[in-house]
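Take a look at the structure set out below.
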Amino acid sequence: MANVLHIVVCAGIVPDPLQTLEPVTTPAGPGLKNEMVLPAVLDPWAACALYEAAHLAAGNPGSKVWLVSLGPKAKLQQVMMTVAQKVNFELVPIDGPIGGFTDAHATAAVLAETIAALPGLERDRLLLFGGWESATRGSGVTLQLVGERLGITDQFQGVDQIALRDDGSFEVLERVEGGKHQASVCGGTPAVLGWATGNLAEPRNNPQVGMANMRTMMPALQKAKPATLAANGLRYASVSLPKQQRTTRVVKDMTADAIASELAEWIGAE
Amino acid sequence: MATAAATEATMLTLPGDAVRQIQWRFADRFDLQMLVQSARSVARSTVACMVAAGERNNHEWTPAKNEMLQEFDRAGITAAFMEPEEGGFIAGPKNLALSLAAFELAWVDGGAATASLAGFLALAPIHERGTAEQVLRYKSLSAPPHAGEDRKPWRGAFVLTEPIPYVGVDTGMLSGKVHVAEWQDGEEPWLQVDKRGRFITNIAFANFATAAVNSNDPRIKGSCVVILEEGDEGTFDHGTPTKKLVHQLSSTGDPIFNLKVPANRIVGGYTVKDGVIVPNFNHAEIIEAVFRRTRVPVGLMTAAKLLSAVEPVIRYQRGRFRGAEGAKPGTVRYEQGIQQREDALHRLVDVWATGEAAASLGFAAARLFDTLDPIEKRKTEILHERGIRGGRAEMKALKESEHRAIEMLSLRPDDPRRAELASDPLVDFVLKDTEANVVCPATKLWNTGHGTNMMREAVSLMGGYGITEDCPGFLATKWMDAQLEATYEGPEAVQRRQLSVTMTSEVFLAQFRTWTAEMRRIASARPGTGACTLASAMQMWQWTLNHLQKTTDADGNRLYHGQRQGVTFPLADALCWLLASRFEILDVLELEAKGNSDPVVAEGLAGTVQFLSDLCHTQAAQAAGEVQRICAELVFGYKRHPAWDEEGHHGCFLASELEAYEEVMPGISACAVDVVSLDGEHPEKAGPCADCSGNSDFLRMQNKLATCLTGSRLAKDRAADTVSRVMIPEALDYPA
C-alpha cells in the first residue's frame, strides 16, 4: 500500500563547479570573486536528494515534493530553468544571500521557519531531505539543525537509498567506512535524510514538466520573502580553496587495472 | 586571500544567460529559457561526446546518430516546433524559439543543429500553407510521444533541390513531375509523383517528404508541393548518403520517389476548375514562405560558432607557454601567454565583435518574424474580406498601404497623423514585411559568409592546434561546417539577388533613413558605441545606391540593374555590414536600459556594457571601412580612366603654359601633377589623374567617414585589455 509523503527538500545554489572559484574578502565577509555573476547550479548533493524525493513521491500517489531554497531570487530563477524541467515539485524560494559563508544556525532558522509555515504540510508525513554535503563550504550541519528546530530526531546522513514499507516504516542505507553501507530501519515519518549521491541518474530535461512547474514557480519567485541572515558572531580567520591538481593526460587503450594501479600509486605518493 | 577590488567598469566574466536574455529579448519568456537549457544540455553532453568520439568520421546514418534524434525528442527540441495541442509546449510563433535551439546546438556542432532544423523544414511547408487536416496529421505524427505513449515519432525531409542540370540557384525550375494517375467521377483524384532529390537532409530516416513538383499533365495546373509517405504505393528510395566533408551529424542523401498518392496530399489543398486540378499554392509561394523563416536560424548557427570560439581561444592563449622552461608561475609569460601580444588580442576582439553582431542581427530577424506572423495572418484576412486573393492581386492592393507607410515614416513622432497610420494593420504589415525581406537574406548572407571568414581567423588563433581533432571547441570542424551553412538553403548568390531587389524598395529606403537618424540620436546620448560612425556609413550607402540607380557607366550602360551583379551584389554586401552593426548597438542599449532590473546582471553591468560598446565601436568601424571601400569602388570604378591621348590632355598642363603661369602665380608648378611637354612626354603613370568633378558630395562623405573613425582603435584597445583580464571558467563545459 502506498504511503502519502510530504517531502521537503532543502537545496541551495552554488557556482557551477567548472567556473574559476577564487576566494576574496568582501565588505560582508569572505566570498568568491564575481560570485553573483558566475553561472550557478543546484547544489549537487541536494540535487540528488531532489531526484530521490521525486522518485519516491511518484511511487506513492498523493505525495508531494517542496523544494525550499535560500538564495538571490534572480539566480534561483536562472537555475530553475534547468532544474524545473527534471521533476515535479513546488518551489519555495527565500530571497537571501548567496555563498557558503553564512552562519549555518541562521540559515537553519530561516529554513525551519519557512518549512513550518508551508501551507498544507502535514508534519507527521514529513521527510526532510537535503544534501549531507555541499559544494559551497560543506560544514554539513545545516540540515541537522533544521531537523532539530522542527523537532525531528530521526536523522540519517550519507544516505544512498530509502526503501519504504507498507506499514509506513522504511529502511535507509547510510554510507560508512570502506565503501559499505549501514542499514537502519526507521519506524516512520517524520525523519531527516541527508543524501549522498543516491542511485538515480540525473533525470533528462523535459520542458513539458518545466512548463507545469513554472506555473507556480514564477509567482512564487516574484513573491519570495527576503531573509537576512545574522552572523551570530561568526568570523573567518582565513579562507582558501582545496589544493587542486589538474594534470591531464590523454591516454588511449589503457586497461582499467592499469588506471587503478596508477591512481593508487599517485594517491600513495600524495 | 585577495581583497575584492573596488568596482570598476570592466567586464568581470563572459556574458552569461541573464545578459543574453536581455540582449536578445527573451528575459520574460521562461518557455524559451528552458528550451535554451534543454538544447544546451543535449549539445554539450550527447552531441559533444559524439563529436569527440569521432562520430563525424563517417557518412552513414549510425545508431549513435539516431540516438541523438531521440535525445532531441526527450529534451523537447523536436516539440519546440509544435503547438501545445499538437504535442508542443510553446504557444504562438516559434521563429525565436527555433533560432535559440539551433544556436545552442551549433555552439557544439552545426550538423546536429541542421538535423534538428531539417525536421522543421520538412514540416514548414505544411505549417505555413497546409490545410488544417494536413497540419494536424503531420505535426501530431512528428511530435514526440508523451509519457507512457508507445509511438515512434515520424521524421520528415524537405525535397526541393534536384539533380544536375537543374541544381542551382533557380528555384523556379523543377524536374520533379506530377500527373493524374486515376480520377473517378466524384472521387479524390490520385496523382503519380516522380521526383529525384539531391543533397536532401534527413532523408536516411525520413518517414515522409514534402516534395516540390511540376505538372506534366494538362489536368494539373502549374507546380505544387506534395506530401509523400514511406508507405505509399511505389518507390520511396532513401538513396545513397552524400559524402559530405562537413555536418556529418545530419543525414544527407539523394532520394528517388515514384509514388502514387491521393490529391489531398497537395500542400494547402486544391480546387477543381473546368476539370483541372488547381493547387491553392504553387511551389514557389510555399518555399518563399518557408525559406524566409528557416534561413534565419542557419545564420545564427554561424554566429554561435564565433561566440563559442571565444572561451577556448582565451584559455589557449593564456596557457600557451605554461610548462615551458622559461615560463615560471607569476611571470607575464606564464600568466598571460600569447595574450601579452596585442595582435592576438585584437584579432580575438574582431572575432568576438563579429559574433556579437551576427547574433544580434539573427535574433532581431527571428523576433521580427515572430511579430510578423500574426500580422501577416491579419493582413490576409483583411484582404480576403475585401475579396482580394493571390500574390499579384495582394501586391497591387498593398500599394496604397506602402504609400501610407512611407508617409508615416516621414512624420514626426508627435504628429497625430502618424499614430493614425501606425494603427493601420496593413501599414504595420507592409513595414514589417519590408524589413523582413531585407533582414532575412542579410542574416543568411552576412552571418554565414563573413562568419566563415572569421571562423578561419578563430582557427588561426589556436596555431597548429586549431586544425587538429584535439582542438578545444572543435573550431576546425566549425569552420568547415560554416562553409556549408553559407551554401545550403540558398547560397550566397541567392541571398544577394534577393537583397538587390528588396533593399531598393521605397518603403525600406524610407525606413533606412529613419534608422540613420536613429543612429545619430543614439550617438548623441551614447558616443562610445560607434553609432555616429555607422550613421555616416549608412548615409554613404544610401547616397551611393541612389547615385548608381541614376548613373551609367563609361559606355552609357545602366549601373544599377538586375543583371549587373558587379554593382548590385557588393551593395547588398555593404548593407549587411551596416545592419549587423546597427542591431549590435541596439542590443547593447537594451542591456544598458534593462540590466539594472536584474540583480545578477546589475552586478557587473557597467563593465559588460562598456566592453560590448567597445565591440560595437570596433564593428562599426569595420563596417564603415567595408562600406567606404565598396561604395568608392562602385562610384569611381565604372568611369573610364583618362589616358595620355588628346582627350586626356585637356586635363593637363602644357609645360610651356606652366612656365608662363609661374610668372604670375609663383609656385603653381609644384601643384601641377599632370604636365605634358610639347613633344608629348608625360609622367610615367596610367594617365592623367581622374578629376573629381561631379563627385564632390561623395568625396566629402568619404572624408567625413574617415574622420568618423576617430576613437575606434581606442575602443579596440580597451576591448583587448578586457579580453586579457576577463575571468573564464577553469575548463570548457563540453568534452572537446
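Those protein sequences? They're chains X and R, same order as listed. First residue of the first sequence: 7, per my numbering; consecutive thereafter. First residue of the second sequence: 1345, per my numbering; consecutive thereafter. Glycine included, every Cβ here is placed at the ideal spot set by N, Cα and C.
With respect to the beta strand (DSSP E) encompassing F1502/R, which residues constitute its N-terminal and C-terminal limits?
1500–1503 is the extent of the beta strand (DSSP E) around F1502/R.
For G65/X, does the three-state DSSP call read helix, strand or coil?
DSSP places G65/X in coil when its eight states are reduced to three.
Any C-beta of chain X within less than 8 Å: which residues of the stretch 1926–1939 of chain R qualify?
Within the stretch 1926–1939 of chain R, no residue has a Cβ that lies closer than 8 Å to any Cβ of chain X.
Would you mind sorting P21/X into buried or exposed? The rule is 16 or more other CB atoms within 10 Å of its CB.
By the 10 Å Cβ count, P21/X comes out buried.
With burial defined as no fewer than 16 other Cβ atoms inside 10 Å of the residue's Cβ, what is the status of Y1660/R: buried or exposed?
Counting Cβ neighbours within 10 Å, Y1660/R comes out buried, since at least 16 surround it.
In the stretch 1607–1646 of chain R, which residue ranges form an unbroken beta strand (DSSP E) of at least 3 residues, counting only runs that do not cross its ends?
Those beta strand (DSSP E) runs which fall completely within the stretch 1607–1646 of chain R and span 3+ residues are 1614–1617, 1620–1623.
What residue ranges within the stretch 2009–2042 of chain R form continuous beta strand (DSSP E) runs of no fewer than 3 residues, ordered along the chain?
DSSP runs (the beta strand (DSSP E)) wholly in the stretch 2009–2042 of chain R: none.
Short of 7 Å Cβ to Cβ, which residues in the stretch 1939–1951 of chain R face chain X?
Taking 7 Å as the Cβ-Cβ cut-off against chain X, the residues of the stretch 1939–1951 of chain R that qualify are D1942, P1943, V1944, E1947, G1948.
Given that Q1381/R touches chain X, what residues does it touch there, using C-beta distances under 8 Å?
Per Cβ cutoff of 8 Å: M87, T88, Q91, N211.
Do the CB positions of A237/X and D130/X come within less than 7 Å of each other?
Not in contact: A237/X and D130/X (Cβ atoms no closer than 7 Å).
Since A1396/R meets chain X, which of its residues come closer than 9 Å, beta carbon to beta carbon?
None at all; the shortest Cβ gap to chain X is about 11 Å.
Could you check the C-alpha separation between M1752/R and E1744/R for me, to the nearest Å?
If you take the alpha carbons of M1752/R and E1744/R, they lie about 12 Å apart.
When the distance is taken between beta carbons, is C1960/R closer than 7 Å to E1928/R?
Cβ distance < 7 Å, so E1928/R and C1960/R count as in contact.
Mind the definition here: the stretch 1912–1924 of chain R touches the stretch 1839–1850 of chain R only if three or more C-beta pairs lie below 8 Å; say whether that holds.
Short answer: they touch.
State the DSSP-derived secondary structure class of I1811/R, mapped to helix, strand or coil.
Three-state DSSP puts I1811/R in a helix.
Which term fits A1710/R, buried or exposed, when burial requires 16 or more other beta carbons within 10 angstroms of its beta carbon?
With 16 or more Cβ atoms within 10 Å of its Cβ, A1710/R is classed as buried.
Exposed or buried, what is Q150/X when buried is set at 16 or more other beta-carbons lying within 10 Å of its beta-carbon?
So Q150/X ends up on the buried side.
Determine the chain R residues that contact P78/X at a beta-carbon separation under 9 Å, and present them in chain order.
In chain order: P1943, V1944.
In the DSSP assignment, find the unbroken alpha helix (DSSP H) run with T142/X in it and report its ends.
Segment: none, T142/X is in no alpha helix (DSSP H) and carries neither H nor E.
With DSSP as the reference, identify every bridge partner of A197/X, one or two as the case may be.
Bridge partners of A197/X: L133/X.
For E2074/R versus T26/X, is the C-beta distance shorter than 7 Å?
Contact: yes.
Mind checking which residues open and close the beta strand (DSSP E) that includes I100/X?
First-last of the beta strand (DSSP E) with I100/X: 96–101.
Does the distance between the C-beta of E128/X and the nearest non-hydrogen atom of the ligand SAH fall short of 6 Å?
Among the ligands in the structure shown, none appear at all, so the ligand SAH cannot be discussed.
Any contact between the stretch 1540–1557 of chain R and the stretch 1480–1500 of chain R? By contact I mean 3 or more CB pairs, one from each, below 8 Å.
Judged by Cβ distances under 8 Å, the stretch 1540–1557 of chain R makes contact with the stretch 1480–1500 of chain R, as three or more pairs qualify.
Could you compute how far the alpha carbon of G1512/R sits from the alpha carbon of Q84/X?
Its pLDDT being 48, under 50, G1512/R is placed unreliably by the model, and the measurement read from it follows with that caveat. Approximately 46 Å, taken between the alpha carbons.
Could you give the first and the last residue of the continuous beta strand (DSSP E) run that contains N1558/R?
Per DSSP, N1558/R belongs to the beta strand (DSSP E) from 1552–1559.
Looking at T1962/R: is its Cβ nearer than 7 Å to the Cβ of V1693/R?
Taking 7 Å as the Cβ cut-off, T1962/R and V1693/R qualify as a contacting pair.
Does any C-beta atom of chain R lie closer than 7 Å to the C-beta of M260/X?
Judged by the 7 Å Cβ criterion, M260/X is not in contact with chain R.
Measuring straight from C-alpha to C-alpha, what distance separates G1670/R and D1687/R?
About 22 Å.
Just mark L1906/R as buried or exposed, buried being the case when its beta carbon has 16 or more other beta carbons within 10 Å.
The sequence shown places Gly at residue 1906/R, not Leu. With fewer than 16 Cβ atoms within 10 Å of its Cβ, G1906/R is classed as exposed.
I need the boundaries of the beta strand (DSSP E) containing G1583/R, first residue and last residue.
From DSSP, the beta strand (DSSP E) with G1583/R extends over 1577–1585.
Report back the beta-carbon spacing between A122/X and L156/X to the nearest angstrom; my notes put them in contact at under 8 Å.
Right, the Cβ-Cβ distance comes to about 6 Å (below 8 Å), so this counts as a contact.
Using Cβ-Cβ distances below 7 Å, what residues of the stretch 1351–1364 of chain R are close to chain X?
Residues passing the 7 Å Cβ filter: L1356, T1357, G1360, D1361, A1362.
Can you give me the C-alpha to C-alpha distance between A1893/R and G1619/R, rounded to a whole angstrom?
Per the sequence shown, residue 1893/R should be read as Gln rather than Ala. Approximately 47 Å between the Cα atoms of the pair.
What is the DSSP secondary structure of E1506/R, reduced to helix, strand or coil?
Three-state DSSP puts E1506/R in coil, outside helix and strand.
Please list the segments of the alpha helix (DSSP H) lying wholly inside the stretch 1746–1773 of chain R, counting only runs of 4 or more residues, in order along the chain.
The qualifying runs are 1760–1766.
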